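Enquirer: Okay, handing you the structure first.
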Amino acid sequence: MIRPPDHSDPLVGQVLPSGLLILERLGSPAEEPLYRGRYSPTGPPIALMFLRLPRNPRDSSTVFPPSPRFWQQLRRACQIRHPNVASLLEVGESPDGRVYAAGELLNGQLLSEMVSGQGPWPVAQAVEICLQAAGGLQAAHRLGVAHGALSPHTILIVPGEDDSPLVKLIGFDFSWYQSDASRNLGQADDDPYSSPERLAGSAPDELSDVFSLGAVLHYLLAGTPPGDGSAPDSIPPRLQPVINRALAAPDQRYPAVAAFAEALSQAAKSPPVQERRQQRRWLASSIVLVLMGTGLWLGRDRFDILADDTAHRMELGARVRESARIAPPRSTPVVMGSTPPASSPAQPRAPSPTKPQAPSPTKPQAPSPASDRRDSAVGPFVSPFRRAHPWAARPSGRTYFPSSCALALASSELIYFSSEAEARRTGRSRCTAPECS
5 MIRPPDHSDP LVGQVLPSGL LILERLGSPA EEPLYRGRYS PTGPPIALMF LRLPRNPRDS
65 STVFPPSPRF WQQLRRACQI RHPNVASLLE VGESPDGRVY AAGELLNGQL LSEMVSGQGP
125 WPVAQAVEIC LQAAGGLQAA HRLGVAHGAL SPHTILIVPG EDDSPLVKLI GFDFSWYQSD
185 ASRNLGQADD DPYSSPERLA GSAPDELSDV FSLGAVLHYL LAGTPPGDGS APDSIPPRLQ
245 PVINRALAAP DQRYPAVAAF AEALSQAAKS PPVQERRQQR RWLASSIVLV LMGTGLWLGR
305 DRFDILADDT AHRMELGARV RESARIAPPR STPVVMGSTP PASSPAQPRA PSPTKPQAPS
365 PTKPQAPSPA SDRRDSAVGP FVSPFRRAHP WAARPSGRTY FPSSCALALA SSELIYFSSE
425 AEARRTGRSR CTAPECS
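Heads up: the sequence shown begins at 5 in this note's numbering, then just goes up one per residue.
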């Protein structure tokens, strides 16, 4: 994975007490040498790492012996089973007293190598990498194991399902538990991914992992680890508060990795400010268009109604004016109780006041069929009865009825009421003349 195999290594070919055969040396990630081994000739390949214990400053030829807490943490790490954590299968000591850890052999690329020289990553990919890493850290924290050295150098990217990138956490740091004397040895002073308390020599815990995960997110979005306290332009404003809180003091930091992951997920889902403004403009424009369309539709219906009513009034007025032009003089006598022939356009008049005429003793003639029909003609054709009796049409202009009332026959303008009660409210009363129908 890192350099060609070295067959000259004296450990190659040895068999560990658990039956693990060391096949070849693969390289040296960080400071621990990495080997490939196998438990049986047909078994899967295993990654084998020898852990370097701190040396005794008083005697450089010896190292500090592992403490019980150190073995306890290693055994807890063997219980972690999560897709985003490299599985640790076995821990123990070699015949020469070296502490080793055996786990699954992964083929992938370190995150530091993927980001190097490429600049900031897309926001969606950076968030996805950190959320996967957060899932692996939570699984470790539930068993009481802190990573202690999370950085782009301890995040391995392997191909997952459908060739999607899959995070594997490697390189858990257990050096703080190796011996009581090593607890006073802090991290490297120039490690930009370690929390201030870890640099001061404190034990690794969940808060320190929160800081390291926030530093990794900063590295992915800005292309550089946090250091000068400035916010690069490549970091979206909606994610900057999440990074700032992860890198804050322990009492102001996210209390757990789960809280950090939840805040990061919610911030990533919320659209940027410009996108939200664009969505609001689009929504406002849509509402305006809908209202304008509704108003035009309603206005068109109202215009059609007004146009129909105006056309009807104009047609009715034309009939009245035409009737007034062809009406006979007022002095023309008329026989009460009769209806003019349908073919005669002249209208009967009321008798002269100086020469009253008695009503005809004969029965009123039945109205002609033309006077009682429904005129449905459309166009220039107008029936003779309609021309002679425009005042006998209802306001709808479709229903006709005969009339022998002298006052109605002599009038050129009529007022229509929908009911007798409506007419009475205006001070009018029904005509009592016997010839009035």
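From the three backbone atoms N, C-alpha and C, an ideal C-beta is built for every residue, glycine too.
Fair warning: this is a prediction, and the values are worked out from it, not measured in the lab.
Please state whether DSSP places residue 39 in a helix, a strand or coil.
Expert: For the purposes of this step, residue 39 is taken as the residue at position 35 of the sequence shown. Strand, per DSSP.
Enquirer: Assign residue 136 to buried or exposed, taking buried as 16 or more other Cβ atoms, counted over all protein chains shown, within 10 Å of its Cβ.
Expert: As a position in the sequence shown, residue 136 is number 132, starting the count at 1. Answer is buried; the Cβ neighbour count reaches 16.
Enquirer: Rounded to a whole number of angstroms, what is the C-alpha to C-alpha distance between residue 298 and residue 292?
Expert: If you number the sequence shown from 1, residue 298 lands on position 294. If you number the sequence shown from 1, residue 292 lands on position 288. Using only the alpha carbons, I get a separation of about 10 Å.
Enquirer: Just confirm the distance between the C-beta atoms of residue 243 and residue 225, as a whole number of angstroms; I'd bet it's less than 8 Å.
Expert: Counting from one through the sequence shown, the residue named residue 243 turns up at place 239. Counting from one through the sequence shown, the residue named residue 225 turns up at place 221. 7 Å between Cβ atoms; contact.
Enquirer: Looking at C-beta atoms only, is the number of pairs between the segment 50-59 and the segment 125-141 that lie closer than 8 Å three or more?
Expert: The segment 50-59 vs the segment 125-141: no contact.
Enquirer: Tell me the DSSP secondary structure of residue 430 in three-state form.
Expert: Locating residue 430 in the sequence shown gives position 426, counting from the first residue. Coil, per DSSP.
Enquirer: Do residue 112 and residue 93 have their beta-carbon atoms positioned less than 8 Å apart in this structure?
Expert: For the purposes of this step, residue 93 is taken as residue 89 along the sequence shown, with counting starting at 1. For the purposes of this step, residue 112 is taken as residue 108 along the sequence shown, with counting starting at 1. No, Cβ-Cβ distance for residue 93 and residue 112 is not below 8 Å.
Enquirer: Quick one: is residue 216 buried, meaning 16 or more other Cβ sit within 10 Å of its Cβ, or exposed?
Expert: Taking the first residue of the sequence shown as position 1, residue 216 is located at position 212. Buried, since its Cβ has 16 or more Cβ neighbours within 10 Å.
Enquirer: Could you tell me the distance, in whole angstroms, from the CA atom of residue 162 to the CA atom of residue 171?
Expert: Your numbering for residue 162 matches position 158 in the sequence shown. Your numbering for residue 171 matches position 167 in the sequence shown. Answer to the nearest angstrom: the Cα atoms are 7 Å apart.
Enquirer: Excluding the 5 residues flanking residue 139 on each side, which residues of the same chain have their C-beta closer than 6 Å to its C-beta?
Expert: Translated into the one-based positions of the sequence shown, residue 139 becomes position 135. Answer for residue 139: 88, listed in chain order.
Enquirer: Following the continuous beta strand (DSSP E) through residue 169, name the residue where it begins and the one where it ends.
Expert: Here residue 169 refers to the residue found at position 165 when the sequence shown is read from its first residue. Residue 169 -> beta strand (DSSP E) spans 169-173.
Enquirer: Compute the distance between the beta-carbons of residue 204 and residue 180, then report whether it is under 8 Å.
Expert: Locating residue 204 in the sequence shown gives position 200, where the first residue counts as 1. Locating residue 180 in the sequence shown gives position 176, where the first residue counts as 1. No, they are not a contact pair.
Enquirer: Below 8 Å on the Cβ atoms is my guess for residue 81 versus residue 176; work out the distance and round it to an integer in Å.
Expert: Stepping through the sequence shown from its first residue, residue 81 is reached at position 77. Stepping through the sequence shown from its first residue, residue 176 is reached at position 172. Indeed they touch by this definition, with Cβ atoms about 6 Å apart.
Enquirer: With distance defined between alpha-carbon atoms, name the residue in 202, 271, 164 and 228 nearest to residue 156.
Expert: Locating residue 156 in the sequence shown gives position 152, counting from the first residue. Checking every option, the nearest Cα to that of residue 156 belongs to 228.
Enquirer: Here's a check: name, in chain order, each residue in its chain whose Cβ is nearer than 7 Å to the Cβ of residue 254, leaving out the five neighbours to either side.
Expert: The sequence position of residue 254 within the sequence shown is 250, counting from 1. Excluding positions up to five away in sequence, the list reads 201 and 211.
Enquirer: Check residue 55 in the structure and name its three-state DSSP category.
Expert: One-based indexing of the sequence shown puts residue 55 at position 51. The answer is strand: DSSP assigns residue 55 an E or B state.
Enquirer: Taking its Cβ as the centre, do 16 or more other Cβ atoms sit within 10 Å of residue 182, making it buried, or is it exposed?
Expert: One-based indexing of the sequence shown puts residue 182 at position 178. It counts as buried.
Enquirer: Using three-state DSSP, classify residue 102 as helix, strand or coil.
Expert: The count along the sequence shown starts at 1 and reaches residue 102 at position 98. In the structure shown, residue 102 sits in coil (DSSP, three-state: anything other than H, G, I, E or B).
Enquirer: Thinking C-alpha only, which one of 285, 197 and 290 is nearest residue 251?
Expert: Indexing the sequence shown from 1 puts residue 251 at position 247. Ranking 285, 197 and 290 by Cα distance to residue 251 puts 197 first.
Enquirer: Of the residues 199, 436, 247 and 213, which one's Cα is nearest the Cα of residue 173?
Expert: Taking the sequence shown and counting its residues from 1, one reaches residue 173 at position 169. The residue with the shortest Cα to Cα distance from residue 173 is 213.
Enquirer: Using a 10 Å radius around the Cβ and a threshold of 16 neighbouring Cβ atoms, would you call residue 431 buried or exposed?
Expert: As a working mapping, residue 431 is identified with position 427 in the sequence shown. Exposed.
Enquirer: Please tell me whether residue 90 and residue 53 are closer than 8 Å, where the distance is taken between their beta carbons.
Expert: Mapped onto the sequence shown, residue 90 falls at position 86. Mapped onto the sequence shown, residue 53 falls at position 49. Not closer than 8 Å, so no.
Enquirer: Hey, quick one: how far does the alpha helix (DSSP H) through residue 139 stretch, first residue to last?
Expert: Residue numbering aside, residue 139 sits at position 135 when the sequence shown is read from its first letter. Run containing residue 139: 127-146, per the alpha helix (DSSP H) assignment.
Enquirer: When you compare only the Cα positions, how much space is there between residue 256 and residue 24?
Expert: Counting from one through the sequence shown, the residue named residue 256 turns up at place 252. Counting from one through the sequence shown, the residue named residue 24 turns up at place 20. Going from the Cα of residue 256 to the Cα of residue 24 covers about 47 Å.
Enquirer: Checking 8 Å against the spacing of the C-beta atoms, do residue 262 and residue 246 come in under that value?
Expert: Along the sequence shown, one-based indexing puts residue 262 at 258. Along the sequence shown, one-based indexing puts residue 246 at 242. Taking 8 Å as the Cβ cut-off, residue 262 and residue 246 do not qualify as a contacting pair.
Enquirer: Return yes when the Cβ of residue 26 is within less than 8 Å of the Cβ of residue 41, no when it is not.
Expert: Your numbering for residue 41 matches position 37 in the sequence shown. Your numbering for residue 26 matches position 22 in the sequence shown. The answer is yes: Cβ separation under 8 Å.
Enquirer: What are the boundary residues of the alpha helix (DSSP H) that includes residue 251?
Expert: In the sequence shown, counting from the first residue as 1, residue 251 sits at position 247. Careful: residue 251 lies outside any alpha helix (DSSP H) and carries neither H nor E.
Enquirer: Just to confirm the assignment, what range does the beta strand (DSSP E) spanning residue 163 have?
Expert: Looking up residue 163 in the sequence shown gives position 159. Counting along the chain, the beta strand (DSSP E) containing residue 163 begins and ends at 159-163.
Enquirer: Would you mind stating whether residue 96 and residue 21 have Cβ atoms separated by less than 8 Å?
Expert: Reading the sequence shown from its first residue, position 92 is the one you call residue 96. Reading the sequence shown from its first residue, position 17 is the one you call residue 21. Yes, the Cβ-Cβ distance between residue 96 and residue 21 is below 8 Å.
Enquirer: List the DSSP bridge partners of residue 97.
Expert: Reading the sequence shown from its first residue, position 93 is the one you call residue 97. DSSP, once it has assigned bridges, lists 103 as partnering residue 97.
Enquirer: Hey, out of 238, 219, 17 and 239, whose CA is closest to residue 230's CA?
Expert: Walking along the sequence shown from the start, residue 230 turns up at place 226. The candidate whose alpha carbon is nearest that of residue 230 is 219.
Enquirer: By the DSSP assignment, the alpha helix (DSSP H) with residue 31 in it spans what residues?
Expert: As a position in the sequence shown, residue 31 is number 27, starting the count at 1. Note, residue 31: premise wrong, no alpha helix (DSSP H); beta strand (DSSP E) at 25-31.
Enquirer: Using the rule of at least 16 other Cβ atoms within 10 Å of the residue's Cβ for burial, across every protein chain shown, is residue 29 buried or exposed?
Expert: In the sequence shown, the residue the question calls residue 29 occupies position 25. It is buried - the Cβ of residue 29 has at least 16 other Cβ atoms within 10 Å.
Enquirer: Whose C-alpha, out of 296, 235 and 272, is nearest the C-alpha of residue 129?
Expert: Position 125 of the sequence shown holds residue 129. Comparing Cα positions, the closest option is 272.
Enquirer: May I have the straight-line CA-CA distance separating residue 426 from residue 437, to the nearest angstrom?
Expert: By 1-based counting over the sequence shown, the position of residue 426 is 422. By 1-based counting over the sequence shown, the position of residue 437 is 433. Cα to Cα, residue 426 sits roughly 21 Å from residue 437.
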